[in-house]
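Be aware that the sequence shown starts at 1, since it is given in the UniProt record's numbering, and climbs by one per residue.
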Amino acid sequence: MTTTTTRPAPAAGPSGPAAAEPPKLKSRKEPERFALLGVWAIVIIIFSLTTDRFLTEGNISSMLGSQTVLLILALGLLIPLRVGDYDLSVAATLGISAMLVAILNVNEGWNIVPACIVAILAGAVIGAVNGAIVVKFDIDPFIVTLGMSTLLQGVLFWISDSATISGIDVGLSDAVLTNTVLSIPVNFWYAVVLCAALWYVFDYTPGGQRLLFVGQSKDMARLNGIGVGRARFLALVASGTIAALAGVVLAGTTGSADPNSSASFLLPAFAACFLGSTTLKIGRFNPWGTFIALYFIVTGTTGLQLLGAQNYVQQLFYGAALIIAVILSKILRQRNDRRLQNDARQAALATAAAETTQNTKDNA
Numbered sequence: 001m002t003t004t005t006t007r008p009a010p011a012a013g014p015s016g017p018a019a020a021e022p023p024k025l026k027s028r029k030e031p032e033r034f035a036l037l038g039v040w041a042i043v044i045i046i047f048s049l050t051t052d053r054f055l056t057e058g059n060i061s062s063m064l065g066s067q068t069v070l071l072i073l074a075l076g077l078l079i080p081l082r083v084g085d086y087d088l089s090v091a092a093t094l095g096i097s098a099m100l101v102a103i104l105n106v107n108e109g110w111n112i113v114p115a116c117i118v119a120i121l122a123g124a125v126i127g128a129v130n131g132a133i134v135v136k137f138d139i140d141p142f143i144v145t146l147g148m149s150t151l152l153q154g155v156l157f158w159i160s161d162s163a164t165i166s167g168i169d170v171g172l173s174d175a176v177l178t179n180t181v182l183s184i185p186v187n188f189w190y191a192v193v194l195c196a197a198l199w200y201v202f203d204y205t206p207g208g209q210r211l212l213f214v215g216q217s218k219d220m221a222r223l224n225g226i227g228v229g230r231a232r233f234l235a236l237v238a239s240g241t242i243a244a245l246a247g248v249v250l251a252g253t254t255g256s257a258d259p260n261s262s263a264s265f266l267l268p269a270f271a272a273c274f275l276g277s278t279t280l281k282i283g284r285f286n287p288w289g290t291f292i293a294l295y296f297i298v299t300g301t302t303g304l305q306l307l308g309a310q311n312y313v314q315q316l317f318y319g320a321a322l323i324i325a326v327i328l329s330k331i332l333r334q335r336n337d338r339r340l341q342n343d344a345r346q347a348a349l350a351t352a353a354a355e356t357t358q359n360t361k362d363n364a
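Rendered as structure tokens:
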């Protein structure tokens, strides 16, 4: 009797009574998942019709290539956000990395390759220090990384004597900016490769799934044997490393290192991440969503500037995008949670009904 009553449980899957519900749920979510893409397309059409300079090859190349540093930084920021942690030190880490490249290459005469390697390793060390403090002492990462950001800003002005260092080896500029693929600076394609790599890790590897599980519920993750502390530590190390990589790209893009430039990257990076969590995968920080969100904002600001808007419109866009994105992310996440709960209830009812039917047949 026990064997027969447990058989109907799988029947509530694709071939069972509840099979009709998932397609309905999916169809309801489709418009929300692709809403930002639709709005982006509308914005492109509007600016294409209002200014003949918008869809030129030069403008498209500029829009895509000019935001690579920010895109790489935002992709690094995604990793701790995925586990539910904030890393407010990414912009300062970017600045330290760019300045190390300049100091080692220009002031100390190092070859550009080892200078870049040291800069990236420095980012990994910064991330490791953040992670060790957060995990070892169980301190809110918001506070830890905010303190680290302030500390790094001080170090940045100290090691640079508050001056811009220019004259970085032109080979770095060739590697990240001058060379093009399909008339687009090669640094854009580096960012696309990183985006694809993170997408694969997040969606198709056990480690990526563990990061998501930790972000959803650290207590449940612990109960399921997941090393929560290790996941949080590695997420912050990865964030610091990728932020340092963004710093290397910034140094190659500008050919110099300015101690005042890095702070301006923090707000746009968060705006792209949070707005990206409202598209493709509702309520989840995801690489392609961040990509779409960033270039949606860039499209809007560029179009307005071509129509005569002042440069400060970019700050207005990023600030508004962050506020709206946080609100939308909260609303959509709550709605998605309600749908999942409703789906679970319906599945449970379908399973119970199937078991009742099977028991009736067995008793007959």
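For glycine and all other residues, C-beta sits at the position ideal for the given N, C-alpha and C.
Assignment of S183 by DSSP, reduced to helix, strand and coil, places it in the coil class. For A257, the three-state secondary structure derived from DSSP is strand. By the neighbour-count criterion, in which a residue is buried when 16 or more other Cβ atoms sit within 10 angstroms of its Cβ, A325 is buried. In terms of Cα proximity to N286, the closest of I79, L64 and G58 is I79. Nearest in C-alpha terms to F291, of all of L304, L307 and C273, is C273. In this structure, A263 lies away from A321, with their beta-carbon atoms at least 7 Å apart. The three-state secondary structure of I324, taken from DSSP, is helix. Residue nearest to V176 within the set L182, T164 and W189 is W189 (criterion: CA-CA distance). In the structure shown, the three-state DSSP call for S166 is strand. In its chain, beyond the 5 residues on either side, I165 have a beta carbon closer than 8 Å to the beta carbon of N107. Around the Cβ of G276, a 10 Å sphere holds 16 or more other Cβ atoms; the residue is buried.
The straight-line gap separating the alpha-carbon atoms of F157 and A102 is approximately 13 Å. Residue range E57 to S66 is occupied by the alpha helix (DSSP H) that includes N59.
Annotation note: the region 276-306 contains the following uninterrupted alpha helix (DSSP H) runs of length 4 or greater, listed N- to C-terminal: 287-306. In terms of Cβ geometry, V193 and A124 do not form a close pair [threshold 7 Å]. The DSSP-derived three-state label of A238 is helix.
Take the alpha-carbon of G240 and the one of A128: they are about 8 Å apart. Taking one beta carbon from each stretch, the region 180-187 and the region 46-62 have 3 or more pairs nearer than 8 Å; the two touch. Here A122 really is in contact with I96; their C-beta atoms are around 6 Å apart, less than 8 Å. Of the candidates K330, F317, L49 and N130, the residue whose Cα lies closest to the Cα of A269 is F317. Cβ contact annotation for R53 (same chain, cutoff 7 Å, sequence separation greater than five): N59 and L306, in chain order.
Residue G283 holds the alpha-carbon nearest to the alpha-carbon of R338 among Q314, G283 and T302. By the neighbour-count definition (other C-beta atoms within 10 Å, threshold 16), M220 is an exposed residue. Separation of V83 and I117 (C-alpha to C-alpha, rounded to the nearest whole angstrom) is 27 Å. Per DSSP, reduced to three states, the secondary structure at E355 is helical. Contact between the region 293-308 and the region 39-49 is present: three or more C-beta pairs spanning the two stretches fall below 8 Å. Straight across, the Cα-Cα distance linking N260 with V248 is about 16 Å. For I133, the enclosing alpha helix (DSSP H) covers residues I112 to F137. One alpha carbon belongs to I226, the other to A98, and they sit about 36 Å apart. Under the three-state reduction of DSSP output, T50 falls in the helix class. Taking C-beta atoms under 8 Å as the contact rule, T93 and L152 qualify, at a distance of about 6 Å. For G308, the closest C-alpha among the options T51, A231 and I126 is that of T51. If you look at S89, you'll find it isn't in any alpha helix (DSSP H); DSSP assigns it neither H nor E.
Here G207 really is in contact with V201; their C-beta atoms are around 7 Å apart, less than 8 Å. By the neighbour-count criterion, in which 16 or more other beta carbons inside 10 Å mark a residue as buried, P114 falls on the exposed side.
The beta carbons of L70 and F265 sit closer together than 7 Å.
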